[in-house]
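Notes follow once the structure below has been shown.
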Amino acid sequence: MTYSTFVMHWRREFFGNDADDFRSGRWVEGGLQQGWEFLPFSGGPLISRARSSPWPSRPYTVARLLRALSAVKSPGPDQVEGTDDTLAEQWPTVRLTPAG
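Start counting the sequence shown at 156; every next residue gets the next number (the working numbering).
Here is the structure:
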């Protein structure tokens with residue numbers, strides 16, 4: 156699901172009948188409800204609720220992953236397979252070995 160901040164700033168129920176007109180002072184005039192009327196950085200009540208929900212579960216997920224592995228190793232540079240990805244050289248390479 157997506158939404159457009161461009162479209163959100165044209166909604167008449169929030170910005171009145173002159174929503175089509177550019178008035179930079181509309182946020183200063185005080186005619187709008189204070190809060191998250193202006194969304195240039197995707198903030199406010201309409202932002203995705205799932206955006207922050209994974210944070211509490213990350214340590215648990217990492218701990219469970221590590222418990223399921225018998226080894227996590229960093230192979231030497233001569234053991235890393237080539238790739239066409241130009242950014243791959245900047246990413247750390249690890250080799251995961253399942254337990255049992």
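All residues carry an ideal CB built from backbone N, CA and C; glycine is no exception.
Your pair ALA226 and THR252 checks out as a contact, with CB atoms roughly 4 Å apart and the cut at 8 Å. By the CB criterion at 9 Å, ALA254 and ARG222 fall inside the cutoff. By the Cβ neighbour-count rule, PHE170 is buried, with 16 or more other Cβ atoms within 10 Å of its own. Secondary-structure assignment with DSSP links ALA226 through a beta bridge to THR252. Rounded to the nearest whole angstrom, the CA to CA distance from HIS164 to TYR215 is 39 Å. One Cα belongs to ARG250, the other to ARG166, and the distance between them is close to 51 Å.
The three-state reading of DSSP puts VAL183 in coil, since its state is none of H, G, I, E or B. Rounded to the nearest angstrom, the gap between the Cα atoms of PHE161 and ARG178 is 15 Å.
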